[in-house]
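In my numbering, the protein residues as written are 524 to 779.
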């Protein structure tokens with residue numbers, strides 16, 4: 524709760540990277556030539572370098588070097604807005620709205636971000652499940668930014684409804700919301716159930732979700748998680764460093 528703005532930015536930033544990577548994969552094989560070309564141009568901007576050029580540097584076709592990340596981000600926003608403006612009903616526009624929503628989320632403009640995420644969901648209806656899931660998470664993050672915990676929880680229920688691996692991701696987010704609301708014991712029960720499910724032999728390969736769930740549970744009560752099941756590398760840390768890490772994790776998710 525104390526670090527909610529930072530948490531939302533981190534989550535939003537991670538989702539933006541995922542959106543760009545997945546977008547490249549998607550649009551490399553799209554048959555919608557016009558929208559695909561516009562979106563591909565935007566993704567080239569996203570991958571363009573910043574700062575001073577290195578000696579002998581050769582840029583890829585369409586790339587240019589920007590003075591700094593702020594300049595590149597501004598160009599990227601313009602590129603995404605062009606996709607939405609020129610191909611508003613395309614799948615490319617839905618991806619562009621998702622990425623624009625992340626920009627608004629990072630800027631703390633939660634209502635505007637939410638509108639863009641909802642528009643992305645509408646554009647993905649009956650289509651790309653990954654896009655829908657990312658946009659639903661975005662809506663939830665926007666509610667978290669405003670500390671509207673119940674509204675965020677409703678969105679994670681929506682994410683859970685997509686089924687498959689999204690159920691486990693939603694379960695972790697729901698546990699975080701319970702912590703934010705001060706429902707510590709219920710959150711612990713949810714985390715324990717999630718960890719048990721993700722340790723099963725037939726569990727989906729969601730290492731990041733499992734590790735975050737374990738680390739969060741350890742921050743609440745280290746005795747509840749076996750050291751051998753700690754996130755990769757933690758079991759080899761000196762005790763004093765482990766304790767420091769757990770205190771930092773506890774502060775991140777601390778409830779008022």
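All C-beta atoms in this analysis are idealised placements derived from N, C-alpha and C, irrespective of residue type, glycine included.
Model, not experiment: these values are computed from the prediction.
Between residue i and residue j, what straight-line distance do the alpha-carbon atoms span, to the nearest angstrom?
i, j, result
"residue 560", "residue 701", "43 Å"
"residue 524", "residue 583", "The pLDDT assigned to residue 524 is 45, lower than 50, so where the model puts this residue is not dependable; a value taken from the coordinates is nonetheless given after this. Near 43 Å, if we compare the C-alpha coordinates of residue 583 and residue 524."
"residue 565", "residue 747", "46 Å"
"residue 515", "residue 592", "Outside the shown range of the chain, which is 524 to 779, sits residue 515, and nothing can be said about it."
"residue 626", "residue 636", "8 Å"
"residue 708", "residue 640", "32 Å"
"residue 694", "residue 614", "28 Å"
"residue 722", "residue 598", "44 Å"
"residue 633", "residue 624", "9 Å"
"residue 581", "residue 572", "11 Å"
"residue 687", "residue 607", "30 Å"
"residue 697", "residue 578", "49 Å"
"residue 567", "residue 714", "39 Å"
"residue 557", "residue 724", "45 Å"
"residue 669", "residue 638", "14 Å"
"residue 590", "residue 717", "45 Å"
"residue 662", "residue 603", "19 Å"
"residue 720", "residue 706", "21 Å"
"residue 733", "residue 665", "24 Å"
"residue 667", "residue 658", "14 Å"
"residue 729", "residue 611", "34 Å"
"residue 676", "residue 644", "17 Å"
"residue 780", "residue 745", "As shown, the chain starts at 524 and ends at 779. That puts residue 780 outside it, with no answer to give."
"residue 735", "residue 743", "12 Å"
"residue 710", "residue 656", "23 Å"
For residue i, which of the options has the nearest alpha-carbon?
i, options, result
"residue 575", "588, 675 and 566", "588"
"residue 585", "596, 740, 578 and 570", "570"
"residue 596", "630, 557 and 609", "630"
"residue 685", "651, 737, 736 and 618", "651"
"residue 654", "679, 622, 680 and 678", "622"
"residue 628", "660, 646 and 680", "660"
Grab me the residues of residue i's own chain with a C-beta within less than 6 Å of its C-beta, minus the 5 sequence neighbours each way, in chain order.
i, result
"residue 704", "672"
"residue 683", "690 and 693"
"residue 712", "none"
"residue 740", "714, 747 and 748"
"residue 674", "666"
Identify, in the order they occur along the chain, each residue of the same chain with its Cβ nearer than 7 Å to the Cβ of residue i, setting aside the five sequence neighbours on each side.
i, result
"residue 605", "561"
"residue 609", "561"
"residue 678", "659, 662, 663 and 666"
The ligand HEM and residue i: does the residue's C-beta get closer than 7 Å to at least one heavy atom of that ligand?
i, result
"residue 654", "No copy of the ligand HEM occurs in the structure displayed, which carries no ligand at all."
Excluding five sequence neighbours on each side, which residues of the same chain lie with their C-beta closer than 8 Å to the C-beta of residue i?
i, result
"residue 642", "617 and 620"
"residue 727", "687, 688, 691 and 721"
Quick one: what does DSSP say residue i is sitting in, helix, strand or coil?
i, result
"residue 540", "Confidence at residue 540 is low in this model, with a pLDDT of 44, below 50, so its placement is unreliable and no value can be given for it."
In chain order, each alpha helix (DSSP H) run of at least 4 residues that lies wholly inside the region 620-665:
633-647
Whole alpha helix (DSSP H) elements within the region 707-756, 4-residue minimum = 707-722 and 730-743
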